[in-house]
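Asks: As numbered in the UniProt record's numbering, the first sequence has no gaps in its residue numbers, which increase by one up to the final residue, 347.
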Amino acid sequence: MIFQNKLITWYLIHKRDLPWRHTNDAYVIWLSEIILQQTRVEQGLPYFNKFLENFPTVTDFAAASEAKVLKLWQGLGYYSRGRNMHNTAQIVVNNYNGIFPTLHDDLIKLKGIGEYTAAAISSFSSGEARAVVDGNVFRVLARYYGIDTPINSPEGKKQFFKLANELLYTEDPALYNQAIMEFGAIQCKPKSPDCSICPLNIECYALKNNAVGQLPVKLAKAEKKHRYFNYLVSTVDDKILVRERQAGDIWQHLYDFPCIETTGFSTEEDETLEFTVKSNFGGETEITFISYKKHVLTHQIIHVRFFALKNYIFNFNKQKELNWVSFNTLDELPQPNVIRNFIEENF
DNA sequence: AATCCGGGGGG
DNA sequence: CCCCCAGGATT
């Protein structure tokens with residue numbers, strides 16, 4: 001138990017004071033865990049406070065509209081987390097009488113809760129003996145034990161999951177889980193950790209073998225795709241033409257503008273753009289360039305051009321997803337950051 | 001097994 | 001510029 005004891009001892013001295021560590025309410029822990037998926041603590045903290053303020057209980061959460069949830073989520077990214085939370089809150093109210101489950105086997109069935117989150121909520125709220133395996137745990141174990149199996153391969157996931165559960169300190173799973181994650185976040189951090197002050201530096205495989213910078217191993221990611229969005233901006237009086245994005249692409253159920261996607265911004269492709277604009281909005285339609293923005297996502301780089309749309313004919317029957325909204329209404333609708341920023345810069 | 005899903009901070 | 005972040009769902 002040397003490994004576990006040292007981690008816990010380190011944790012009790014160095015842990016940050018974070019609000020979700022003061023509760024064992026599964027609902028509150030769920031809020032924090034979903035928000036913190038692929039998200040740094042400092043980035044997620046204001047969102048955690050905002051959600052808890054707006055939805056003190058899971059019943060409050062379930063009663064809200066999906067748009068309200070996504071509006072609160074705006075700017076945090078990975079919006080399926082918000083949609084899944086909305087669904088899960090309603091399942092908890094309808095099937096669990098509004099009492100948030102605390103057992104792994106119940107939690108894992110809920111949308112947006114996978115192995116990591118089920119282990120986190122169950123151990124933190126009910127003390128269930130489930131080891132968390134997140135990015136921090138991968139890194140600490142890979143370095144300490146010198147495991148070079150890629151952490152994003154199926155074998156790697158199985159191997160690390162098995163080891164993590166063997167190491168779990170079953171006398172206090174919650175404490176141990178918090179300890180190893182905090183240790184990974186603060187001491188055994190991704191880049192240039194200060195191993196001279198690490199309590200595990202004597203036994204650490206990576207430090208002994210000068211491999212701290214090489215572990216953990218990760219399989220190469222797919223190359224980012226380039227996409228070219230031509231947004232058509234149209235305002236009449238205090239209203240603006242918006243589109244609700246649908247399933248099958250990024251930013252599902254968020255709002256942007258009518259958009260014509262092309263394969264590039266070359267002269268030839270711009271002729272295609274103009275042709276498409278006129279066939280959709282009438283032959284007299286004119287577009288004038290406003291601004292360009294590059295927007296980078298995990299798997300795509302989106303080149304965004306904004307155009308002012310003029311002299312067009314608008315057919316609601318052909319363009320069902322489009323809608324006129326006032327700027328006041330728009331402020332209540334969830335939007336991707338690139339749209340939000342454009343609106344704030346131009347209106 | 002591979003790909004998709006955001007946005008921001010830090011080296 | 002590149003990497004990573006209290007991952008999960010879909011194909």
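The C-beta atom is built at its ideal place from N, Cα and C for all residues, glycine as well.
With distances taken between CB atoms, is the gap from Val58 to Tyr27 smaller than 7 Å?
Replies: For the purposes of this step, residue 58 is taken as the residue at position 58 of the first sequence. For the purposes of this step, residue 27 is taken as the residue at position 27 of the first sequence. Contact: yes.
Asks: Among Trp251, Pro56, Asn87 and Lys278, which has the Cα closest to the Cα of Thr298?
Replies: As a working note, residue 298 is residue 298 in the first sequence. Per the Cα distances, Trp251.
Asks: The beta strand (DSSP E) with Lys225 in it runs from where to where?
Replies: Here residue 225 is taken as the residue at index 225 of the first sequence, counted from 1. Unbroken beta strand (DSSP E) run through Lys225: Lys225 to Val233.
Asks: Just the C-alpha distance for Ser123 and Ala131, rounded to the nearest angstrom, thanks.
Replies: For the purposes of this step, residue 123 is identified with residue 123 of the first sequence, where counting begins at 1. For the purposes of this step, residue 131 is identified with residue 131 of the first sequence, where counting begins at 1. When rounded, the distance between both Cα atoms is 8 Å.
Asks: Using three-state DSSP, classify Asn346 as helix, strand or coil.
Replies: Translated into the one-based positions of the first sequence, residue 346 becomes position 346. In this structure, Asn346 counts as helix in the three-state DSSP scheme.
Asks: Quick check: the Cα distance between Lys152 and Val140, rounded to an integer number of angstroms?
Replies: Position 152 of the first sequence, counting from 1, holds the residue named residue 152. Position 140 of the first sequence, counting from 1, holds the residue named residue 140. At residue 152 the sequence reads Asn, which differs from the Lys that was named. Distance between the alpha carbons of Asn152 and Val140: 15 Å.
Asks: Would you call the stretch 254-266 in contact with the stretch 222-230, where contact means no fewer than 3 C-beta pairs closer than 8 Å?
Replies: Touching, yes, given that three or more Cβ pairs across the two stretches are closer than 8 Å.
Asks: Thinking Lys50 and Asn87 are a contact (beta carbons under 8 Å), I'd like their distance in whole angstroms, please.
Replies: Taking the first residue of the first sequence as position 1, residue 50 is located at position 50. Taking the first residue of the first sequence as position 1, residue 87 is located at position 87. Actually they do not touch by this definition, with Cβ atoms about 20 Å apart.
Asks: Please list the terminal residues of the continuous alpha helix (DSSP H) segment that includes Arg139.
Replies: By one-based count along the first sequence, residue 139 stands at place 139. Looking at the DSSP string, the run of the alpha helix (DSSP H) that includes Arg139 is Gly135 to Tyr145.
Asks: The alpha helix (DSSP H) that contains Trp251, what's its start and end?
Replies: In the first sequence, counting from the first residue as 1, residue 251 sits at position 251. Note, Trp251: premise wrong, no alpha helix (DSSP H); not H, not E.
Asks: To the nearest angstrom, how far is the alpha carbon of Ile35 from that of Asp237?
Replies: To locate residue 35, count along the first sequence from 1; it is residue 35. To locate residue 237, count along the first sequence from 1; it is residue 237. Straight-line Cα distance between these residues: approximately 38 Å.
Asks: Starting from Ser196, trace the alpha helix (DSSP H) in both directions and tell me its first and last residue.
Replies: Translated into positions along the first sequence, residue 196 becomes position 196. First-last for Ser196: undefined, no H or E at that position.
Asks: What would DSSP say about Ile302, mapped onto helix, strand or coil?
Replies: As a position in the first sequence, residue 302 is number 302, starting the count at 1. Note: Ile302 maps to strand in three-state DSSP.
Asks: Quick check: the Cα distance between Phe314 and Gly184, rounded to an integer number of angstroms?
Replies: Against the first sequence, residue 314 aligns to sequence position 314. Against the first sequence, residue 184 aligns to sequence position 184. Approximately 55 Å, taken between the alpha carbons.
Asks: How would you write the range of the beta strand (DSSP E) that Val58 sits in, first residue to last?
Replies: Residue numbering aside, residue 58 sits at position 58 when the first sequence is read from its first letter. Premise fails: Val58 lies in the alpha helix (DSSP H), Val58 to Ala63, not in any beta strand (DSSP E).
Asks: Pull up the DSSP beta-bridge partners for Arg243, would you.
Replies: Taking the first residue of the first sequence as 1, we reach residue 243 at position 243. Answer is Asp256 and Leu322.
Asks: Ser153 by DSSP, collapsed to three states: which one?
Replies: One-based indexing of the first sequence puts residue 153 at position 153. Of the three classes helix, strand and coil, the one that applies to Ser153 here is coil, per DSSP.
Asks: Report yes or no: do three or more beta-carbon pairs, one from the stretch 192-211 and one from the stretch 268-280, lie closer than 8 Å?
Replies: Contact between the stretch 192-211 and the stretch 268-280 is absent, because fewer than three Cβ pairs lie under 8 Å.
Asks: So Tyr292 is in the beta strand (DSSP E); what residue range does that whole segment cover?
Replies: Against the first sequence, residue 292 aligns to sequence position 292. First-last of the beta strand (DSSP E) with Tyr292: Glu286 to Val296.
Asks: Among Lys218, Pro193, Lys15 and Lys224, which one has its Cα closest to the Cα of Asn210?
Replies: Indexing the first sequence from 1 puts residue 210 at position 210. Closest option to Asn210, Cα to Cα, is Pro193.
Asks: Looking only at its own chain, which residues have a Cβ that is under 7 Å from the Cβ of Tyr116, when we skip the five neighbours before and after it?
Replies: What you label residue 116 is simply residue 116 of the first sequence in a count that begins at 1. The residues are Val132, Val133 and Asp134.
Asks: Give the single residue among Val233, Asp249 and Arg16 whose Cα lies nearest to the Cα of Arg305.
Replies: Within the first sequence, the letter at position 305 stands for residue 305. Nearest option by C-alpha distance: Val233.
Asks: Identify the residues that DSSP records as bridge partners of Thr262: which are they?
Replies: Residue numbering aside, residue 262 sits at position 262 when the first sequence is read from its first letter. DSSP lists Tyr228 as partners of Thr262.
Asks: With the cut-off set at 7 Å, would you say Asp270 and Ile339 are in Cβ contact?
Replies: Looking up residue 270 in the first sequence gives position 270. Looking up residue 339 in the first sequence gives position 339. It is not a contact, given that the beta carbons lie outside the stated cut-off.
Asks: What do you get for Tyr96, buried or exposed, if any count of 16 or more other CB atoms within 10 angstroms of its CB means buried?
Replies: Residue 96 sits at position 96 when you count from the first residue of the first sequence. Tyr96 comes out exposed.
Asks: State the start and end residues of the unbroken alpha helix (DSSP H) segment that holds residue 356.
Replies: Outside the shown range of the chain, which is 1 to 347, sits residue 356, and nothing can be said about it.
Asks: Can you tell me which of the three DSSP states Phe3 falls into?
Replies: As a first step, residue 3 must be located in the first sequence, where it is residue number 3. Three-state DSSP puts Phe3 in a helix.
Asks: So, are the CB atoms of Pro154 and Lys218 less than 7 Å apart?
Replies: Position 154 of the first sequence holds residue 154. Position 218 of the first sequence holds residue 218. No. Outside cutoff.
Asks: Let me know if Lys71 comes out buried or exposed under the rule of 16 or more other beta-carbons within 10 Å of its beta-carbon.
Replies: Along the first sequence, read from residue 1 onward, the residue named residue 71 stands at position 71. With 16 or more Cβ atoms within 10 Å of its Cβ, Lys71 is classed as buried.
Asks: Quick one: what's Lys310 bridged to in DSSP?
Replies: Counting from one through the first sequence, the residue named residue 310 turns up at place 310. Looking at the DSSP assignment, Lys310 forms a beta bridge with Glu286.
Asks: To the nearest angstrom, report how far apart Phe55 and Ile186 are at their CA atoms.
Replies: By 1-based counting over the first sequence, the position of residue 55 is 55. By 1-based counting over the first sequence, the position of residue 186 is 186. Between Phe55 and Ile186, the C-alpha separation is close to 30 Å.
Asks: Can you tell me the Cβ-Cβ gap for Tyr205 and Tyr292, rounded? I've got them flagged as a contact below 8 Å.
Replies: The count along the first sequence starts at 1 and reaches residue 205 at position 205. The count along the first sequence starts at 1 and reaches residue 292 at position 292. Going by Cβ atoms, the distance from Tyr205 to Tyr292 rounds to 49 Å, so no, they are not a contact pair.
Asks: Check for me: the alpha helix (DSSP H) holding Gly44 runs from which residue to which?
Replies: Here the question's residue 44 lines up with position 44 in the first sequence. Per DSSP, Gly44 belongs to the alpha helix (DSSP H) from Val41 to Asn54.
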